[in-house]
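Line by line, the protein sequences are chains S and D. Each step along the first sequence adds one to the number in our numbering, with nothing skipped, and position 369 is 369. To convert, take the position in the second sequence, counting from 1, and add 1000; that gives our numbering. Backbone N, C-alpha and C define an ideal beta-carbon position, used for all residues, glycine too. Single-structure report; data block below.
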Amino acid sequence: MPPVAESSLDVRADFPIFARSFDGRPLIYLDSASTSQKPAVVIEALAEHLRGHNANVHRGVYTLAQEADAAFDLAREKVAAFTGAERQATIFAKNVTEAINLVAYAWGRANVGPGDAVLITEMEHHANIVPWQVLCHERGASLRYLKLDDRGELSLEELEGELERGDVRIVAFAHVSNVLGTINPVAEMTARVRAAGAVSLVDGAQAAPHMPVDVESLGADFYGWTGHKALGPTGIGVLHARREILEGMEPFLTGGDMISSVDFQSATWNELPAKFEAGTPMIAEAVGLGAALDYLSVLGMPRVRAHEQALTAYMLERLSEVPGLRIVGPPEAESRGGLASFTIDGMHPHDVAELVNRAGVCIRAGHHCAQPLMRCLGVGATARASVGVYNDAADIDALLQALLSGREVFGLQGSRGA
Amino acid sequence: MDDLYRDYILEHYKRPRNFGELDPHDLEALEHNPLCGDELSVQIRVKDGHIEDLRFNGHGCAISQAAASIASEELKGMELERVGKLDADWMIELLGIPVSATRRKCALLNLKVVRGAVTGDASWPTGSAR
């Protein structure tokens, strides 16, 4: 067995939700790719801000408002430091979906026109497909897809071929696939994109919370990720960008806080990052995210990755014991994030998720907001188990037992020790 | 004995009645369950204002496949006018298992597609049963 115990972080006690039980069974949470659970320090930081430091930001001169300002600014500094980004080029958005829409609207409408192309990949989440579809329809541009190979990985040669056609303005792709787990070679891809004179956008939703990410060395022009998958609250996402690109862009949403001055007929724009943050921002959520990143930084992102990779290796091995179970994506843990999507012959993924829930095991089932990918894989849906810092080998064992019991309910043969 | 996955549910799931193609047919429709991406189509042959025969086609979970199979046996021979008035309660009672809120659309997809084919109104069936 892989050395799970040695790399185990043993931090479950930091997460209050694991005190819950369901029909007397403990919570076995294997859905961190959907959203992470929250440590007490995050819940407390959020509450403490609302309890003791709540005021609007960038408006008040009173002491309480200055405290809120300082807390919000500190949170942005923590976020930028976490990913090696520039503070002023670190924009808060609601989530990755909004971050990508910001780019598709504010950058896309000004830079993509008739005859141009947007290049994405077959493994994208709907959040990194639909904004580009809408942009391309509106601007008369074409939307093209990089294909997947049998391992569920992309080809740099195909990327080069697409870029050589000369019409690609932006290439948008996931850092880590939310279905396949595939870790894409981001730096190699962004270097080729930039050499071709195009712009890159990386969806880091499944990467930044789980492995060391340095946006500078990754070379992405835009890099989006979200707080709620990184032990933080919902409602706060992040868009890092190259500052000169942001400075050249018109705003996305307009209104309060993003202006420099407003006349009866026109307005001028505030400096970065305020230019892209219209209205009262997510202040308490930013404070909560800052606390989450403090927590992750103390653990150390290399340790987080090592822990989750070891658990993933163990999960791949245990899942292979289930008769009729097929895993999609790269076969080895070092090539994938902390998740495994799978199908089981004779059982629909929804039924799989329903049956393992009876053992207190939480997994996701469905198309995972990646319907084009499901079509490429030739399935309607998959089940997906994903890990976080609080999981251990016993959780994977519980999943395995629940899957085997589920097969028995369905009367499927060859249930044990295949 | 499992509350949800009862023997007759699994039996209908593994051997669904009235599944396949129906040619010729007079009415047809295709609907999706946005929750999971499952899709189900139906082809219906009409005679004297009644469903003379029908076939479902598609893929889905045990609940959605069994519901379509069980409903198909009731729908055969039914007056079109009555089909248009069938609601969610009819389907849930017919299915005879406790359907949670998250699985409700699985159970109702077949009625949605059949009503869509018969009346042109493919909205989700509603009813008092939760």
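Could I get the ranges of all uninterrupted beta strand (DSSP E) runs contained in the region 1034-1058 of chain D, with 3 residues as the minimum, in chain order? 1039-1047
So M301(S) contacts chain D; which residues on that side make the cut at Cβ distance below 9 Å? Within 9 Å Cβ-Cβ: nothing; M301(S) doesn't reach chain D, min ~34 Å.
If we count the other Cβ atoms within 10 Å of its Cβ and call it buried at 16 or more, is K1085(D) buried or exposed? Exposed: under 16 other Cβ atoms inside 10 Å.
Where A195(S) and H307(S) are concerned, what is the direct C-alpha to C-alpha distance, given to the nearest angstrom? 36 Å
Pairwise C-alpha distance: N1033(D) and L1109(D): 7 Å
Once the 5 residues before and after A292(S) are set aside, which same chain residues still bring their CB inside 6 Å of it? Closer than 6 Å at Cβ, skipping near neighbours: V42, A230, L231, G232.
Kindly provide the ranges of any beta strand (DSSP E) runs that are 3 or more residues long and lie completely inside the region 267-310 of chain S, ordered along the chain. 267-269
Residues in its own chain within less than 6 Å of E1039(D) by CB, not counting five upstream and five downstream? H1032, G1058
Own chain, CB closer than 8 Å to T219(S), minus 5 neighbours either side, in chain order: Before going further, note that residue 219(S) is Gly rather than Thr in the sequence given. The answer, listed in chain order, is V186, A187, T190, A191, R194, S200.
Under 8 Å between beta-carbons, which chain D residues line up against A211(S)? List them in chain order, please. Looking at the sequence shown, residue 211(S) is not Ala but Met. Neighbourhood of M211(S) in chain D, by CB distance below 8 Å: empty, with the nearest CB roughly 29 Å away.
Proximity test, Cβ basis, 9 Å: R1015(D) and chain S: no
Whole-angstrom distance between E86(S) and P302(S), CA atom to CA atom: When rounded, the distance between both Cα atoms is 22 Å.
Please state whether the Cβ-Cβ distance between N128(S) and T234(S) is less than 9 Å. no
Let me check one thing: in DSSP terms, what residues is L239(S) bridge-paired to? I91(S), G224(S)
Among the candidates Q37(S), L239(S), S32(S), whose CA atom is the shortest distance from the CA of A14(S)? The amino acid occupying residue 14(S) in the given sequence is Asp; Ala does not appear at that position. Checking every option, the nearest Cα to that of D14(S) belongs to Q37(S).
Validate contact between the region 369-377 of chain S and the region 344-360 of chain S using beta carbons, cut 8 Å, 3 pairs: no
So, are the CB atoms of R305(S) and H210(S) less than 9 Å apart? The answer is yes: Cβ separation under 9 Å.
With distance defined between alpha-carbon atoms, name the residue in Q66(S), E48(S), A47(S) nearest to N56(S). Answer by Cα proximity: Q66(S).
Output needed for I236(S): all residues of its chain with C-beta closer than 7 Å, excluding positions within five of it in sequence on either side, in chain order. F92, G227, M282, E285, A286, L289
Boundaries (first-last residue) of the beta strand (DSSP E) holding G366(S): Membership of G366(S) in the beta strand (DSSP E) is indicated by the continuous run 364-366.
Is the beta carbon of L311(S) closer than 9 Å to that of D392(S)? yes
Under a CB-based cut-off of 9 Å, is D351(S) close to chain D? yes
How far does the alpha helix (DSSP H) with T121(S) in it reach, from first residue to last? Note, T121(S): premise wrong, no alpha helix (DSSP H); beta strand (DSSP E) at 117-121.
Run through the region 166-222 of chain S for me and flag every whole alpha helix (DSSP H) of 4 or more residues, listed as ranges in chain order. 186-195, 215-218
On the CB-based measure, 16 or more other CB atoms within 10 Å of its CB, does L64(S) come out buried or exposed? exposed
By Cβ distance below 6 Å, which residues in the same chain neighbour V179(S) in space, the five residues on each side in sequence not counted? S341, H368, A370, L373
Over the uninterrupted beta strand (DSSP E) stretch that includes F342(S), give me the two end residues. 339-344
Identify the continuous alpha helix (DSSP H) that holds V130(S) and give its terminal residues. 130-139
With 16 other CB atoms within 10 Å as the buried threshold, where does D1023(D) fall? exposed
In this structure, does DSSP put P1024(D) in helix, strand or coil? coil
When DSSP labels each residue in this structure, what does F410(S) get in the three-state scheme? In the structure shown, F410(S) sits in coil (DSSP, three-state: anything other than H, G, I, E or B).
Note down, in chain order, each residue of its chain lying with its Cβ closer than 7 Å to the Cβ of R1006(D), except the 5 sequence neighbours on either side. I1097
Any C-beta of chain D sitting closer than 9 Å to the C-beta of H53(S)? no
Can you tell me the Cα-Cα spacing of T90(S) and F264(S), whole angstroms? 31 Å
So is G1060(D) in contact with chain S if we call contact Cβ pairs under 9 Å? Put simply, the CB of G1060(D) is near chain S, with a gap under 9 Å to one of its CB atoms.
Taking DSSP's pairing of strands, which residues face E31(S) in a bridge? Position check: residue 31(S) holds Asp in this sequence, whereas Glu was assumed. Paired residues: S386(S).
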